[in-house]
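A.B. asks:
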């Protein structure tokens, strides 16, 4: 039996790979693990059946052999612990890669989420146009620090890891704002990651959901 | 040699245990691991010496035997993997506890950070009084979902774990707003965690830093 993940039946980004199932699909492709996808509609996200998988009514989730997990970070860490290819063998390098996994969601993503909240939940508020530059500056601060750390290296630590996978996906979520273009180092970093065959297979798989959604048949 | 963590030389909360070194201190106390603390001033946080430990110039960090980690989540996970007492032995229960670790920083904390940002970085803006109720509602949504999951259980999964430790500390950061009082289940949950001797030792240790800071000598 293959594991089953959940994804939006109709992703708000229309298949641009920005929803968080993309991270898990990519990790599954990196380790060569086939998987099934259960598509969940917005109303279904908040129903008890899905809440039993994800207490906060979100995607992605992961089900395998009686185990149910939520949060992309913990799903990817679980895959990394049970398969080769996502974390270094060396114990110290492995712990450092996990620092980057947490940094992606805990330090870099929060101002990016704030931008999404400003645009969607507060998009009609009179203060939003004046607030956006403040949020941009908070995102820039994190991107600048990340670019400084990366320098001219290919990856955050010695080799590609789940830390890069998660960080790159967080960065791609801010790309539509144009902010990533201000940091050539980070643009090259995300492009490098996107050229990985596993990324491309995962991207195609999530795009196929959107394409089927909008097909005329 | 004991590991060394970093903490604020002068914590903005004046010793209320809300800074993120508290999470790591608590985890170290749970496993009975003595530790040293390097206090870092605000200017020092942004200096190269500290940036080498923490690329984003924050606390806490963790140094042990040549290994340097940042991010409270990854430090606590590292402690949990190398000592008993913070994660269940059963593999599935362990993976679920790690889901809660990620949920604490990735799903529950972001709206709480948004509240802090509104109060401090945007405290002087004319829109802030009108925005605060919107942010409160976003926090309430997460707290409500968490309270529903918890129900009348003592802990998020079968037994106390690093997932509870991190979630409780995130919740305590919103307690000063009064929002936690709206959720008796969560108030009982945080109180239950705060009664653990390890929590109390960690709290006393961080308070001692603030007390020494403000002592007249």
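Chains as they are written, first to last, in my numbering: chain A, 1 to 217; chain B, 218 to 434.
Idealized CB from N, CA, C, for every residue including glycine.
Within the continuous beta strand (DSSP E) that includes residue 38/A, where are the two ends?
C.D. replies: Start and end: 36–40.
A.B. asks: Against residue 240/B, what residues of chain A qualify as contacts under a CB-to-CB distance less than 8 angstroms, listed in chain order?
C.D. replies: Here the premise fails: no neighbours, minimum Cβ distance about 11 angstroms.
A.B. asks: Just to confirm before moving on: does the CB-CB distance between residue 41/A and residue 9/A stay below 8 angstroms?
C.D. replies: Yes; because the gap between Cβ atoms is below 8 angstroms, this pair is in contact.
A.B. asks: Under 8 angstroms, do residue 313/B and residue 371/B count as touching if we go by C-beta distance?
C.D. replies: Taking 8 angstroms as the Cβ cut-off, residue 313/B and residue 371/B do not qualify as a contacting pair.
A.B. asks: Please return the same chain residues whose Cβ sits closer than 7 angstroms to the Cβ of residue 160/A, not counting the five positions on each side in sequence.
C.D. replies: Excluding positions up to five away in sequence, the list is empty.
A.B. asks: Within 10 Å of its beta-carbon, does residue 275/B have 16 or more other beta-carbons around it, so buried, or fewer, so exposed?
C.D. replies: With 16 or more Cβ atoms within 10 Å of its Cβ, residue 275/B is classed as buried.
A.B. asks: For residue 367/B, does the three-state DSSP call read helix, strand or coil?
C.D. replies: Reduced to three states, the DSSP call for residue 367/B is helix.
A.B. asks: Do you know how far the Cα of residue 185/A is from the Cα of residue 151/A?
C.D. replies: Answer to the nearest angstrom: the Cα atoms are 7 angstroms apart.
A.B. asks: Identify the contact partners of residue 122/A in chain B, using a Cβ-Cβ distance below 8 angstroms as the criterion.
C.D. replies: By Cβ distance, chain B contributes 348 and 351.
A.B. asks: With a threshold of 7 angstroms on Cβ separation, who are the neighbours of residue 292/B within its own chain once the five nearest residues in sequence on each side are excluded?
C.D. replies: So the qualifying residues of the chain are 241, 277, 279 and 286.
A.B. asks: In the DSSP assignment, what are the bridge partners of residue 279/B?
C.D. replies: DSSP lists 222/B and 286/B as partners of residue 279/B.
A.B. asks: For residue 302/B, which of 229/B, 232/B, 364/B and 250/B has the nearest alpha-carbon?
C.D. replies: Residue 302/B has its Cα closest to that of 250/B, out of 229/B, 232/B, 364/B and 250/B.
A.B. asks: Are the C-beta of residue 372/B and some C-beta of chain A separated by less than 8 angstroms?
C.D. replies: No, because no Cβ of chain A sits closer than 8 angstroms to the Cβ of residue 372/B.
A.B. asks: For residue 316/B, report the span of its alpha helix (DSSP H) as first-last.
C.D. replies: Residues 308–320.
A.B. asks: In angstroms, rounded to a whole number, what distance separates the CA positions of residue 272/B and residue 235/B?
C.D. replies: Answer to the nearest angstrom: the Cα atoms are 22 angstroms apart.
A.B. asks: Can you grab the Cα-Cα spacing for the pair residue 190/A / residue 206/A, in whole Å?
C.D. replies: So the alpha carbons of these two residues sit roughly 18 angstroms apart.
A.B. asks: Using only the alpha-carbon positions, how far apart do residue 220/B and residue 416/B sit?
C.D. replies: Rounded to the nearest angstrom, the two C-alpha atoms are 19 angstroms apart.
A.B. asks: Within 10 Å of its beta-carbon, does residue 337/B have 16 or more other beta-carbons around it, so buried, or fewer, so exposed?
C.D. replies: Residue 337/B should be labelled exposed.
A.B. asks: Under 8 angstroms by Cβ, that's how I've got residue 244/B and residue 304/B pegged, so tell me the actual separation to the nearest angstrom.
C.D. replies: Not quite, the Cβ-Cβ distance comes to about 11 angstroms (not below 8 angstroms), so this is no contact.
A.B. asks: Would you tell me roughly how many angstroms separate the C-alpha atoms of residue 266/B and residue 6/A, rounded to the nearest one?
C.D. replies: Spanning the two alpha carbons is a distance of roughly 43 angstroms.
A.B. asks: With distances taken between CB atoms, is the gap from residue 112/A to residue 170/A smaller than 8 angstroms?
C.D. replies: Cβ distance < 8 angstroms, so residue 112/A and residue 170/A count as in contact.
A.B. asks: Note down, in chain order, each residue of its chain lying with its Cβ closer than 7 angstroms to the Cβ of residue 395/B, except the 5 sequence neighbours on either side.
C.D. replies: Excluding residues within five positions, none has a Cβ falling inside 7 angstroms.
A.B. asks: Among 319/B, 248/B, 268/B and 239/B, which has the Cα closest to the Cα of residue 254/B?
C.D. replies: For the residues 319/B, 248/B, 268/B and 239/B, the minimum Cα distance to residue 254/B belongs to 239/B.
A.B. asks: According to DSSP, is residue 127/A helix, strand or coil?
C.D. replies: If DSSP states are grouped into helix, strand and coil, residue 127/A belongs with coil.
A.B. asks: Could you tell me which of 105/A, 89/A, 12/A and 67/A sits nearest to residue 158/A, measuring between CA atoms?
C.D. replies: The residue with the shortest Cα to Cα distance from residue 158/A is 89/A.
A.B. asks: Closest to residue 80/A by CA distance: which of 175/A, 98/A, 144/A and 102/A is it?
C.D. replies: Checking every option, the nearest Cα to that of residue 80/A belongs to 98/A.
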